[in-house]
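Okay, so here's the structure we're looking at.
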Amino acid sequence: MYRLETGQIFAAFCCMSLLPQLLYRSISVEAQHQPGDETCETLPSEIHLIKEEYDELGRLYRTCNGDVTVNKCEGKCNSQVQPSVITATGFLKECYCCRESFLRERQLQLTHCYDPDGVRMTDHDSATMEIRLKEPIDCKCYKCGDLVR
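Add 3 to a position in the sequence shown, counting from 1, and you land on the number used in this note's numbering.
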């Protein structure tokens with residue numbers, strides 16, 4: 004143990020108290036989101052939809068299905084975890100997720116409709132079903148947990 008005079012102890016304490024701030028500043032500069040090699044994009048995707056319709060008494064009236072092409076968000080976003088002296092967990096986490104930035108509502112038609120016994124419906128009003136769904140028209144990397152509006 005070294006013997007220090009009062010001024011030296013204060014100087015050593017003063018410098019040590021700045022250490023977390025200096026580390027924080029260097030980490031926050033490093034942890035900024037860098038979109039360089041991200042691949043988040045809007046891609047077409049084929050899905051099989053099944054929609055059931057019930058009458059006013061809650062009984063199954065018909066089941067319609069069909070294969071439709073809709074957009075999806077897919078790709079890679081940069082995320083990182085690094086040691087930190089200022090966070091409770093000891094790590095600074097910067098997580099980014101590929102998500103929709105804009106949605107559009109589409110109206111689709113399901114053309115294979117069946118009654119509760121599994122018999123295909125042929126009359127004009129029951130043979131097809133109009134449905135609406137929302138799909139992404141643009142995708143971006145957003146900080147995970149942030150709500151997209």
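Glycine included, each C-beta is placed from N, C-alpha and C at the ideal position. All figures in this text were calculated on a predicted structure; none of them were measured in a lab.
Residue pairing by DSSP places D141 opposite F105 in a beta bridge. In this structure, L136 lies near R109, with their beta-carbon atoms less than 8 angstroms apart. Taking C76 as reference, the option from K143, D70, C67 with the minimal CA-CA separation is K143. Taking each of M132, D58, S104, D118 in turn and checking the Cα distance to E138, the smallest one comes out for S104. The C-beta separation of Y117 from T42 comes to about 41 angstroms, leaving the pair out of contact by the 8 angstroms criterion. Its chain contains H36, C80, N81, S82, C144, Y145, K146, C147 as the residues whose beta carbon lies nearer than 7 angstroms to that of Y99, once the 5 sequence neighbours on both sides are disregarded; these appear in chain order.
If you check the CB distance, L113 and L52 come in under 8 angstroms. If you compare the alpha carbons of N68, T72, E44 with that of I50, the shortest gap goes to T72. In the same chain as E55, and ignoring 5 residues on each side of it, the C-beta atoms closer than 7 angstroms to its own belong to L63, T66, in chain order. For G69, the enclosing beta strand (DSSP E) stretches over residues 63-77. Inter-residue distance for F94 and E44 is about 29 angstroms (C-alpha atoms, whole angstroms).
Collapsing the DSSP output to three states places E133 in a strand. The beta carbon of D141 lies closer than 8 angstroms to those of T45, E103, S104, F105 in the same chain, with the five residues before and after it left out.
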